[in-house]
């Protein structure tokens, strides 16, 4: 790779100044003329039959424009995964979780809307409920969907090799049960949206991660509309972390806009966001691992009981990921997985940075430490002996391009002074690994590509138009760097349009850590195409063969005679006039050679073009009087292919680690009597800067053959191993093996006192 | 040409239903949150020095957000033609016409804004003024721009051949003076706009004919801004007729939005629109024509005194057109023109259907009738003997592709029963011809092309994206027909996006009758490009060579085996997935081989790719007691290349004829004591349906080599000869030669009584 002007350089966010100045426009900054406020009446019960709804008093309230219930909806299922038809826009007959959407109101202001909610008279007949996924499988458990006969929303099995035989042949086998919690994504901006319906066309402003796939296609189905009549506009997004995918509020808002003819805006309170915002799936995992004296992992067996919540958003796929993802980093031959996504009377479970992979890593990486101790081998060495290498194909068919996993372990160990610290009895050190995809074809088998346009205006400004969503993670900065590098112009001459599905290409969106690799490839190709068109024009202006031209620093010039040059702006203008006023538009299409399983999960398949790896080491001190864990230091070594913007990669790592520490040590939505007892930031406590250890990010580069300039994902893998690293460090510090998240002081103290957890 | 599905078919407007239902969104239908209302303080004097402006009382009024005067503007000239630096956004030092913009206010509502205007205290020192262009040339005329030393805004001369010699050699010579009036374009929707300024970016919603050229480029210069920071959005337009080009209200609105940070909307009252809305240039024309006994026109000499109004919008070019356009239809060798665009203390003069050509046709076509009588030849025959034919190049260099002029005259004469009616003494018949361009490179020499994109969505909808403006004339219907024809899909599967300069290609806009030919060629090419891409995909699906595929009625099929077919929608969807979510986007660029004069108007040049012709015959009866002219019947034969939508062509002809009749018989802005006395629809009377004769439209087709499917312009040529045809008919009925427009009953009665006009 040659010298770069932009790629591999630390660059602050291109929209950072607008955000710092308060000029960036989020949904809450947009108000339309005659806009109404929408509010949702939510179920107070975890499970109840709706006997009657009387909306008449609410409808009569002055300032109320519309009240809707199930009967006012198109009565179509939402079903974002195309799997279970268990989700209507508003509850039909039954409510299945506290927070379930029963009715909605559009009124002239928030106060009136809230007053109207109080006037809606819903007669409920409460039903027995179940919160815990394992209990939901019991014979006499209350059924969420009576017709189904059980509470299993989805089942997923894997059988590879012969685990029974492999366990028998193993020198050591450990089987343990782990439980993960239900943390909330906690974006600064809660779910919100605005809808307008004019001339049979719905315009929806929403901070979506997937404006085209999620909103346009899923919502069109649910609203029984031609997708061509739905326009989704994504302004700035105040954080998403997986939460901001398909969501009933946006459908309800659309129906209110359609019903009133006025624009309607809705915004979750923090309570609503926690109570009904698709948090992480909690899993109970029975994991069994067999290992040889030489450190080779012989067999892995797991049973996963995962909470689907009260309806199906993405929990089945999250559970399935827990059943197979770890094999992408460790060489395994014998694997058995039994997975259940189980209906419970809790908030529907959705995507959260790390998907289902990270829950399983808590189990697997904890057991690997336990086995390392049993065979008397350095846990880092046990990992090294099992890690895949670049170019290998995994048990399930994943084709690893770059995969410098061992180098990550080595660098983390070196940076941590691993061996020295392991000797130190006052502190604990724990290592855990994580792996992630860069995109995942499973969710839209038709393709997993990306398209971008780079439009060069007559003033030499390059605009990137893409359907992929910057959700606050810095995507547009990286895209701008890619385009600026390709075009040979300064970063400030590039901007990226907000996603607008009426303008942008269809984009699958920002999830499965796909946006940098997929969209980046498309942007790179589009910029190269635009440059090629511009060089044709420059060739005429300078009277130099195109092959002898270079573009750098906003000039196009003769390679051997740089004085023979023309500004990029001038070439842009002339190019436009030469094509009858048409801007130069470069197109870039990228479609990876990925595949989806045919005939179930037994076959080999490769859902992602590239795979990222990280090795984490937590250094902790445990207060034996309070049970409090102080994370003294945290080392995270990640192989990201090529770091397009190292500052941004480090930002992702730091954010992911801190978010992981929150889950590891303090965050969990809690239910009592079927109801959430901590739906606010007083009771649901997040880590702050004060709680953050020094995080040492180590970037390992090995250019991936599939990535733009060799880059692959970082967004999720940086969270994946955090709780396991902390659990292993706590064990190293105290000899206490924590198997339930979050690892709160209370739980640690109980364990330190030799008591079992409640 | 083969069989067409859409081309050449009568098709109602694609947006007709939305308009009929009131669902089409015009500026007046758009309201933004916290929007302010802007109002302009206009000069009550035709000419005055501004001694002082005190805005303090207005600024203190509750609800007033901003008051601006010249000192709050960027102090740059507007200068849309790039010719005279005589136009600031708000008046500096002097006002030069009643209605001149002195100050502006943004307030919470219209009432407050109007109240604030009253509180602005302007101290004027009134100055002598001049309304009439010839008087403005007199030695002691008041000067509008003292520095200039005279009132000549622009002078234009042509000398070709030897007119003196040619007049001497002519059998008959007539020299006459003609005066045309100042009609107002009278669109249903007055000038209005809305502006918003956010994050250093100006968004302007305006019903502009030329969003890119006029608004983006001219306004950027006047506002001292990077054009890339201006976004212009054109919603539906309620008529334009040449009026809706660059206009100070939009600049003032932009400054108010920039000054307040709030969206600002402004709307002219009808009074403001008439008083300060750039109506048609009135001309005094001294025309002299020499003819031979055989009907050959030997020489044409003209002096044109044209009112520029108080500042330069487009009047100089309008005047110049009067000096040369007629030669595009008649073979001439000896021509002398002296033209003056003269500052007067009247409203600035702008474009109006027919530009400056139509004024001259009133003079020329009247004199040709007078000369026909002198040489005793049928006036239709005199025209026939001088008309150009297809493929000829004119005196000034215009290259005529199709030009079936004689066929138009023949068909009009036949339809009118010309000879029989000429014998009928109770009625009068008059013939006049007109010619027009299809685009005009003079106004943007860099290019005169057009670009369109045709984007095919996964649901098979084709969207046309262009910078050319549908201003109510039906452009988008014709574009949709072109795209539907090329793609082989039904018309309802095509839509056209409203012009948005952030999205659309740079478009020169709708003026000089250019939009059908220029934009139509671009749309045709773009659709062909999109189809080509789709056929590649269909070829794979059907396993048929691309060459053997046909696209018709929404299906793509094997030519020899139509059962082997695939729906257009399916091909569209598969094409999108094949390119990573990228829609199929066809690009079409059209740039005609036109030219601009180098070294002044003496050289030959060809500013338009095609020229349209029309022959009109008016049949009138004149009430000798009242002077009233009753137009009994009107025949208009036009050669339009190919009528893409005959119903729409007829609509243009009918509209043009009726608008021409208004100018011919009743419409004129009138001044008394330097002030307009009829700035409203009570006193400025327009023809209505009741005034409309039966208009017989005859479409003559001769496919033009430059036009899309052979089409060329109709929008302006259909108005060009109307007043001359009526004047000739009045003469035929009464023996009275009317030489002043409008030919009101009062004037005719005076002439009938043998009196001279005042």
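Chains as they are written, first to last, in the numbering used here: chain P, 3 to 760; chain A, 3 to 760. Backbone N, C-alpha and C define an ideal beta-carbon position, used for all residues, glycine too.
Bounding residues of the alpha helix (DSSP H) (the contiguous stretch that carries residue i)
{"i": "residue 420 of chain P", "result": "420-425"}
{"i": "residue 334 of chain A", "result": "Neither: residue 334 of chain A is in no alpha helix (DSSP H) and is coded neither H nor E."}
{"i": "residue 579 of chain A", "result": "570-580"}
{"i": "residue 361 of chain P", "result": "359-377"}
{"i": "residue 262 of chain A", "result": "250-262"}
{"i": "residue 321 of chain P", "result": "317-326"}
Of the listed residues the options, nearest to residue i (C-alpha basis)
{"i": "residue 381 of chain A", "options": "A:575, A:692, A:27 and A:415", "result": "A:415"}
{"i": "residue 123 of chain A", "options": "A:135, A:732, A:106 and A:232", "result": "A:106"}
{"i": "residue 400 of chain A", "options": "A:437, A:633, A:673 and A:575", "result": "A:437"}
{"i": "residue 673 of chain A", "options": "A:284, A:199, A:112 and A:13", "result": "A:284"}
{"i": "residue 128 of chain P", "options": "P:95, P:138, P:115 and P:159", "result": "P:95"}
{"i": "residue 538 of chain P", "options": "P:249, P:581, P:564 and P:506", "result": "P:581"}
{"i": "residue 163 of chain P", "options": "P:182, P:619 and P:301", "result": "P:301"}
{"i": "residue 297 of chain P", "options": "P:535, P:661 and P:172", "result": "P:172"}
{"i": "residue 269 of chain A", "options": "A:470, A:12 and A:33", "result": "A:33"}
{"i": "residue 250 of chain P", "options": "P:199, P:237 and P:314", "result": "P:314"}
{"i": "residue 336 of chain P", "options": "P:160, P:22, P:142 and P:517", "result": "P:160"}
{"i": "residue 209 of chain P", "options": "P:35, P:177, P:331 and P:502", "result": "P:502"}
Residue environment, residue i, which counts as buried when at least 16 other CB atoms sit within 10 Å
{"i": "residue 191 of chain P", "result": "buried"}
{"i": "residue 281 of chain A", "result": "buried"}
{"i": "residue 691 of chain P", "result": "exposed"}
{"i": "residue 2 of chain P", "result": "Any question about residue 2 of chain P goes unanswered here, given that chain P covers just 3 to 760."}
{"i": "residue 3 of chain A", "result": "Bear in mind that the predicted position of residue 3 of chain A carries a pLDDT of just 46, short of 50, making it unreliable; the figure below should be weighed with that in mind. By the neighbour-count rule (16 or more Cβ atoms within 10 Å), residue 3 of chain A is not buried but exposed."}
{"i": "residue 699 of chain P", "result": "buried"}
{"i": "residue 87 of chain P", "result": "exposed"}
Inter-residue spacing [alpha-carbon to alpha-carbon] between residue i and residue j
{"i": "residue 226 of chain P", "j": "residue 610 of chain P", "result": "32 Å"}
{"i": "residue 1 of chain A", "j": "residue 184 of chain A", "result": "An answer regarding residue 1 of chain A cannot be provided, because it is not within the stretch 3 to 760 covered by chain A."}
{"i": "residue 150 of chain P", "j": "residue 462 of chain A", "result": "39 Å"}
{"i": "residue 525 of chain A", "j": "residue 666 of chain A", "result": "37 Å"}
{"i": "residue 725 of chain A", "j": "residue 116 of chain A", "result": "40 Å"}
{"i": "residue 135 of chain A", "j": "residue 308 of chain A", "result": "6 Å"}
{"i": "residue 158 of chain P", "j": "residue 411 of chain P", "result": "31 Å"}
{"i": "residue 44 of chain P", "j": "residue 649 of chain A", "result": "56 Å"}
{"i": "residue 431 of chain A", "j": "residue 733 of chain A", "result": "8 Å"}
{"i": "residue 27 of chain A", "j": "residue 232 of chain A", "result": "21 Å"}
{"i": "residue 108 of chain P", "j": "residue 274 of chain P", "result": "17 Å"}
{"i": "residue 288 of chain P", "j": "residue 618 of chain P", "result": "23 Å"}
Residue i - partner residues in DSSP beta bridges
{"i": "residue 698 of chain A", "result": "A:637"}
{"i": "residue 551 of chain A", "result": "A:560"}
{"i": "residue 433 of chain A", "result": "A:619"}
{"i": "residue 195 of chain P", "result": "P:268"}
{"i": "residue 109 of chain P", "result": "P:39 and P:66"}
{"i": "residue 457 of chain P", "result": "P:465 and P:587"}
{"i": "residue 123 of chain P", "result": "P:56"}
Near the ligand COA: residue i beta-carbon under 8 Å from a heavy atom
{"i": "residue 740 of chain A", "result": "This structure does not include the ligand COA; it has no bound ligands of any sort."}
N-terminal and C-terminal residue of the beta strand (DSSP E) that residue i is part of
{"i": "residue 285 of chain P", "result": "285-293"}
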